[in-house]
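Structure first, then comments.
There are 2 protein chains.
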Amino acid sequence: MSNILSEKFIGLLKEIVGEENVQASTVHRLAYSYDATAQYQSLPDAIVSPRNTKEVSEIIRLCQSKKIPIVPRGSGTNLAAGTVPSSGGIVLLFKHMNKIIELDEENLTVTVQPGVITKDLIDYVEKFDLFYPPDPSSMKISTIGGNINENSGGLRGLKYGVTRDYVYGLEVVMANGDIVKTGGKLAKDVAGYDLTSLFVGSEGTLGIVTEATLKLLPKPTYKETMLAFYDSLEHAAETVSKIIASKIIPATLEFMDQATIEVVEEYTKIGLPTDVEAVLLLEQDGPEEVVRDEMKRMEQVCKANHARKVTLASTQEEAEDLRTARRVALSALARKTPTTILEDATVPRSKIAEMVRKIRSIAEKHNVTICTFGHAGDGNLHPTCLTDARNKEEMERVEEAFAEIFSASIDLGGTITGEHGVGEMKAPYLEWKLGKEGIHVMKSIKDALDPTHIMNPGKVFAKSSKKRVVVTNDTNSSSTKNTTRV
Amino acid sequence: MSNILSEKFIGLLKEIVGEENVQASTVHRLAYSYDATAQYQSLPDAIVSPRNTKEVSEIIRLCQSKKIPIVPRGSGTNLAAGTVPSSGGIVLLFKHMNKIIELDEENLTVTVQPGVITKDLIDYVEKFDLFYPPDPSSMKISTIGGNINENSGGLRGLKYGVTRDYVYGLEVVMANGDIVKTGGKLAKDVAGYDLTSLFVGSEGTLGIVTEATLKLLPKPTYKETMLAFYDSLEHAAETVSKIIASKIIPATLEFMDQATIEVVEEYTKIGLPTDVEAVLLLEQDGPEEVVRDEMKRMEQVCKANHARKVTLASTQEEAEDLRTARRVALSALARKTPTTILEDATVPRSKIAEMVRKIRSIAEKHNVTICTFGHAGDGNLHPTCLTDARNKEEMERVEEAFAEIFSASIDLGGTITGEHGVGEMKAPYLEWKLGKEGIHVMKSIKDALDPTHIMNPGKVFAKSSKKRVVVTNDTNSSSTKNTTRV
Chain A
6 MSNILSEKFI GLLKEIVGEE NVQASTVHRL AYSYDATAQY QSLPDAIVSP RNTKEVSEII
66 RLCQSKKIPI VPRGSGTNLA AGTVPSSGGI VLLFKHMNKI IELDEENLTV TVQPGVITKD
126 LIDYVEKFDL FYPPDPSSMK ISTIGGNINE NSGGLRGLKY GVTRDYVYGL EVVMANGDIV
186 KTGGKLAKDV AGYDLTSLFV GSEGTLGIVT EATLKLLPKP TYKETMLAFY DSLEHAAETV
246 SKIIASKIIP ATLEFMDQAT IEVVEEYTKI GLPTDVEAVL LLEQDGPEEV VRDEMKRMEQ
306 VCKANHARKV TLASTQEEAE DLRTARRVAL SALARKTPTT ILEDATVPRS KIAEMVRKIR
366 SIAEKHNVTI CTFGHAGDGN LHPTCLTDAR NKEEMERVEE AFAEIFSASI DLGGTITGEH
426 GVGEMKAPYL EWKLGKEGIH VMKSIKDALD PTHIMNPGKV FAKSSKKRVV VTNDTNSSST
486 KNTTRV
Chain B
6 MSNILSEKFI GLLKEIVGEE NVQASTVHRL AYSYDATAQY QSLPDAIVSP RNTKEVSEII
66 RLCQSKKIPI VPRGSGTNLA AGTVPSSGGI VLLFKHMNKI IELDEENLTV TVQPGVITKD
126 LIDYVEKFDL FYPPDPSSMK ISTIGGNINE NSGGLRGLKY GVTRDYVYGL EVVMANGDIV
186 KTGGKLAKDV AGYDLTSLFV GSEGTLGIVT EATLKLLPKP TYKETMLAFY DSLEHAAETV
246 SKIIASKIIP ATLEFMDQAT IEVVEEYTKI GLPTDVEAVL LLEQDGPEEV VRDEMKRMEQ
306 VCKANHARKV TLASTQEEAE DLRTARRVAL SALARKTPTT ILEDATVPRS KIAEMVRKIR
366 SIAEKHNVTI CTFGHAGDGN LHPTCLTDAR NKEEMERVEE AFAEIFSASI DLGGTITGEH
426 GVGEMKAPYL EWKLGKEGIH VMKSIKDALD PTHIMNPGKV FAKSSKKRVV VTNDTNSSST
486 KNTTRV
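Here the protein sequences line up with chains A and B, keeping their order.
In my numbering, each residue's number is its place in the first sequence (first place is 1) plus 5.
In my numbering, each residue's number is its place in the second sequence (first place is 1) plus 5.
Below, the structure is given as structure tokens:
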């Protein structure tokens with residue numbers, strides 16, 4: 006039973022969603038007290054699984070009446086503590102709202118509930134020769150609802166964009182329980198403000214997404230995959246700029262540094278040379294003749310920029326191996342040390358080389374281990390720190406290093422997060438990017454749409470700026486902070 | 006001199022922008038009392054041309070102190086009365102803020118001031134083999150600032166999207182004078198809410214855009230243009246659906262009905278058959294072999310769907326002629342009668358045939374002349390009424406007909422405006438699309454960011470819903486309504 010919510014309140018929740026869809030045991034609360042972000046944990050008071058939009062609305066109205074926080078959660082793969090119930094309250098699960106409602110081949114749209122697994126959606130539409138491009142690394146377990154709340158990116162972002170670029174319309178339950186529908190099966194709609202884009206990436210802080218109409222593309226008919234190995238980081242980064250400047254937009258243009266390659270090879274044993282300084286993964290899709298031509302031109306650019314070796318996959322299996330090398334980077338790194346902290350700094354793509362150098366020198370300065378990989382074509386890097394949260398002294402150095410990385414990213418015209426979101430983790434840094442004025446605008450919108458701050462509180466906006474909040478792993482103390490018995 | 010603003014206030018404006026950049030004579034006020042929308046006119050009190058962002062901020066602070074409305078204006082090509090100074094106040098012109106600041110070939114971005122003419126920008130970047138896709142029909146005179154405020158579409162929208170899809174970052178002056186910067190030269194940025202998308206299409210009601218960083222693409226290397234003529238409207242509409250269903254996304258897929266073709270031929274004399282029921286303009290761009298293949302496949306789809314004739318342009322000049330036929334539609338129609346009212350209803354593209362039929366029967370029912378053309382691939386139709394505003398009885402029938410058209414559009418899963426915006430003209434209908442709940446969300450945002458409602462007041466939100474506001478052509482009575490001497 007819950008230690009926080011009253012029996013009566015739990016009873017009211019059960020009346021809405023049914024007995025079996027409210028969990029308040031300690032074991033359940035513990036299971037939903039964290040997400041994929043290291044070092045953040047806080048107990049929710051109950052876990053509730055609504056079966057439809059009406060129930061979501063009723064839950065929100067009930068929570069609103071007692072000012073109980075609501076945290077929507079997909080599969081909890083969030084890397085910025087965006088789905089940690091920082092102030093306790095209700096975790097909303099979408100395990101019952103996980104249907105693909107309609108595929109519309111004439112309008113190239115698919116309408117889904119938030120609980121659909123990303124990869125399942127991708128596979129489903131591909132059966133109809135259609136294509137849903139956003140492919141976050143977590144896509145085998147992440148949900149579309151989570152992707153929408155976080156505006157997830159992926160390996161195909163350079164050419165195809167991110168989740169927001171594929172959301173045509175949403176059904177959202179607001180903090181007052183109102184059900185709002187935005188957009189539709191419409192390529193164009195300027196009827197008022199772009200609420201669709203506002204909700205995408207708002208991390209559940211403005212409303213709860215209960216349905217989405219997504220844009221599809223015709224599936225590219227052909228694809229090629231290539232790896233290029235470099236003895237110099239600068240040459241790899243230079244290649245990225247040169248490819249774009251040569252007017253080719255590859256589907257994928259990914260980067261891994263030496264430290265990452267070594268760990269990935271140890272994990273996958275696919276024969277990557279571990280003595281190179283950097284590797285690029287390049288993919289192009291489209292009509293066969295165009296792909297062949299552009300891959301050839303990209304190979305030339307790689308070689309002209311001193312790639313030691315370029316490997317073109319000759320079979321689908323080989324291509325899958327090369328892609329896997331990049332996709333498993335985080336998992337491979339995560340095996341190395343007790344704690345892995347993956348960051349998300351993003352710069353204009355022309356600044357990739359400079360940024361990678363800065364990350365290196367910052368890591369050296371603070372004596373921490375940082376491996377860097379990421380979406381080079383987007384300028385979206387994932388400096389990943391291998392550490393141990395139990396070592397307080399080291400953790401302080403890690404914090405300092407990441408603060409310097411964010412600062413460097415902003416100095417280069419970049420941002421503190423390219424695709425993971427702000428969550429609780431990066432909230433203290435948001436002002437660095439937006440200034441007081443930008444924060445004020447966002448806070449005004451938050452206050453207007455969620456005046457009592459029950460929608461995923463503690464995310465996006467920090468209590469204080471410029472210093473990362475240090476949260477302990479002590480679940481007992483962290484959960485009850487802002488929640489009172491009702 | 007102004008009849009409304011005090012000498013002192015005008016003096017303060019002149020102190021900010023210089024004597025020569027404040028106009029308050031009757032002739033100047035008249036010149037900026039209307040835009041391209043028939044039947045809407047209202048006198049501003051002064052026209053002010055700031056030279057930089059700081060001056061814009063100072064003007065807003067000054068206006069805020071006396072609650073004077075501010076209406077930003079590009080070239081006034083707006084078709085929804087979005088740039089009519091409905092409540093008087095200041096019209097802001099961007100004739101001094103019209104520079105292309107920086108083209109960045111490595112990051113594929115261009116940074117511009119709002120006063121840049123759309124076509125000038127397109128031509129400029131094409132010199133570098135780069136491509137800015139949004140191409141509203143007004144592009145020869147419209148400005149980028151206007152395009153951003155309205156989220157303008159164009160003929161290339163089907164494949165390439167609309168203005169919002171090309172805005173990476175904005176500098177915006179808020180209603181309190183704060184200068185906010187959103188985004189950057191960044192393909193990916195999830196640092197907080199998507200303010201960039203919120204400002205795009207907000208019609209100057211949330212802030213004044215003073216600078217924009219736009220996304221560019223490599224310029225397609227090859228393009229082909231084709232017209233297909235139909236004896237049956239249904240067959241033309243069916244072709245649109247079948248082309249998309251055959252997994253081709255053409256760059257352009259435009260539609261004109263018989264009434265439009267007749268007027269366009271009379272105007273252009275390029276030899277269009279005037280006895281057909283419908284014509285489609287189809288274009289594809291990209292690598293030559295792909296374009297040739299897809300044009301051939303589209304030709305087959307046209308013929309399989311009973312096109313009477315398909316004409317492929319064999320030279321650039323011929324292609325330009327075919328495109329021109331569609332681009333001049335509005336100008337050609339505007340010559341026919343004293344008043345032309347062009348609308349913007351949009352439906353899912355699979356509903357095009359049904360919508361065109363509904364428009365026809367609504368026109369017949371109310372005995373008004375409506376020609377229909379538009380972006381068939383986007384489901385974005387422009388039913389255009391040829392009428393005479395002096396005929397009050399006819400105008401009432403026109404109003405009734407358009408109300409039914411909006412209603413039909415929404416019934417088919419569509420929207421009241423695909424690319425022209427809500428402005429003052431369509432504000433009464435917005436609730437039909439959004440419901441009370443959706444309007445409430447948008448109004449909450451408006452109130453949060455512009456609590457005193459000085460930013461382009463009277464736009465987007467109607468005083469009452471469901472009935473189009475009838476505005477007289479009497480400039481003397483309309484201008485002074487909500488403005489008091491300060």
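Positions of the beta carbon are idealized from the N, C-alpha and C atoms, including for glycine.
**Request:** Determine the chain B residues that contact Glu442(A) at a beta-carbon separation under 8 Å, and present them in chain order.
**Result:** Correct list: Met179, Asp183, Ile184, Val185.
**Asked** When the Cα atoms are used, what is the spatial distance from Ser47(A) to Glu398(A)?
**Response** 23 Å
**Prompt:** Which value, in whole angstroms, describes the spacing of the CA atoms of Lys13(B) and Asp452(B)?
**Reply:** 29 Å
**Request:** Below 7 Å CB to CB, which residues in the same chain sit around Gly423(A) once its five sequence neighbours on both sides are set aside?
**Result:** Gly158, Asp349, Thr351, Asp383, Asn385
**Message:** Between which residues of its own chain and Pro141(A) is the CB-CB distance below 7 Å, once the five residues before and five after are set aside?
**Reply:** Thr123, Ser147, Asn152, Ser157, Gly158, Gly159, listed in sequence order.
**Asked** Tell me which same chain residues have a C-beta within less than 6 Å of the C-beta of Arg34(B), skipping the five on either side of it?
**Response** Leu48, Pro49
**C-alpha distance - Val89(B) paired with Val32(B), whole-angstrom precision** = When rounded, the distance between both Cα atoms is 16 Å.
**Item:** Coarse secondary structure for Asn154(A), derived from DSSP in three states
**Value:** helix
**Message:** Using only the alpha-carbon positions, how far apart do Leu417(A) and Lys19(A) sit?
**Reply:** 51 Å
**Prompt:** Opposite Arg78(A) in the DSSP bridges: which residues?
**Reply:** Leu98(A)
**Cross-strand partners of Met460(B) (DSSP beta bridge)** = DSSP lists Ile75(B) as partners of Met460(B).
**Backbone secondary structure at Thr168(A) - three-state DSSP** = Helix, per DSSP.
**Asked** If you run the structure through DSSP and keep just helix, strand and coil, what is Arg313(A)?
**Response** strand
**Asked** Of all Cβ atoms in chain A, is any one closer than 8 Å to the Cβ of Glu24(B)?
**Response** no
**Asked** Going by Cα to Cα distance, which pick from His458(B), Gly197(B), Gly206(B), Lys228(B) is closest to Thr320(B)?
**Response** Lys228(B)
**Message:** Between Arg66(B) and chain A, is any beta-carbon pair separated by less than 8 Å?
**Reply:** It does not; no Cβ of chain A falls within 8 Å.
**Request:** Work out the CA separation of Ala85(A) and Ser484(B) for me, nearest whole Å.
**Result:** At Ser484(B) the pLDDT is 35, less than 50, meaning the model places this residue with poor confidence; the figure from the coordinates comes in the next sentence. C-alpha separation (whole angstroms): 52 Å.
**C-alpha gap between Gln44(A) and Asp393(A), whole angstroms** = Approximately 10 Å, taken between the alpha carbons.
**Request:** Using a Cβ-Cβ cut-off of 8 Å, state whether Pro353(A) counts as contacting chain B.
**Result:** yes
**Prompt:** Taking DSSP as the reference, what is the three-state secondary structure of Asn8(A)?
**Reply:** Here the model assigns Asn8(A) a pLDDT of 47, short of 50, so the residue's position is not dependable, and the following value carries that caveat. The answer is coil: DSSP assigns Asn8(A) none of H, G, I, E or B.
**Item:** Validate contact between the region 109-122 of chain B and the region 199-209 of chain B using beta carbons, cut 8 Å, 3 pairs
**Value:** no
**Request:** Could you have a look at Ala51(A) and say whether DSSP puts it in helix, strand or coil?
**Result:** strand
**Request:** Taking only beta-carbon positions, decide if Tyr165(A) is within less than 8 Å of chain B.
**Result:** no
**Prompt:** So the alpha helix (DSSP H) His387(A) belongs to, where does it begin and stop?
**Reply:** Looking at the DSSP string, His387(A) is not in any alpha helix (DSSP H); the run it does join, the beta strand (DSSP E), is 385-392.
**Request:** For Met300(A), name the three-state secondary structure that DSSP assigns.
**Result:** helix
**Item:** Nearest neighbour of Glu176(B), chosen from Val167(B), Leu163(B), Gly440(B), Glu216(B) [CA to CA]
**Value:** When only C-alpha atoms are compared, the closest one is Glu216(B).
**Message:** What ranges does the alpha helix (DSSP H) occupy inside the region 376-440 of chain B, keeping only unbroken runs of at least 4 residues that lie completely in it?
**Reply:** 397-416
**Message:** Output needed in chain order: residues of the region 420-434 of chain B with a Cβ under 9 Å from some Cβ in chain A.
**Reply:** Residues passing the 9 Å Cβ filter: Thr420, Ile421, Thr422, Gly423, Glu424, His425, Gly426, Val427, Lys431, Tyr434.
**Request:** Give the straight-line distance between the Cα atoms of Ile364(A) and Pro388(A), rounded to the nearest whole angstrom.
**Result:** 7 Å
**Request:** Please specify which runs of the beta strand (DSSP E), each continuous and at least 3 residues long, are wholly inside the region 178-243 of chain B, giving them in chain order.
**Result:** 184-188, 212-220, 227-235
**Prompt:** Under 7 Å from any heavy atom of the ligand COA, does the C-beta of Gln44(A) make it?
**Reply:** Summarising the ligand content, the structure contains no ligands, and the ligand COA is consequently not present.
**Request:** Could you tell me whether any Cβ in chain A is nearer than 8 Å to the Cβ of Val61(B)?
**Result:** no
**Item:** 6 Å Cβ shell around Val475(B) - same chain, five flanking residues per side excluded
**Value:** In this prediction, Val475(B) scores a pLDDT of 38, lower than 50, which makes its location untrustworthy; no coordinate-derived value is stated.
**Residue burial classification, Lys190(B) (beta-carbon count within 10 angstroms, cutoff 16)** = Its Cβ being crowded by 16 or more others within 10 Å, Lys190(B) is buried.
**Request:** For Ile95(B), I'd like the list of residues in its chain whose CB is within less than 8 Å of its CB, leaving aside the five on either flank, ordered along the chain.
**Result:** Leu18, Pro49, Asp50, Ala51, Ile52, Val53, Ile64, Cys68, Ile73, Pro74, Ile75, Val76
**Asked** Nearest chain A C-beta to Asp568(B) closer than 8 Å, yes or no?
**Response** Any property of residue 568(B) remains undetermined from this structure, which presents chain B solely from 6 to 491.
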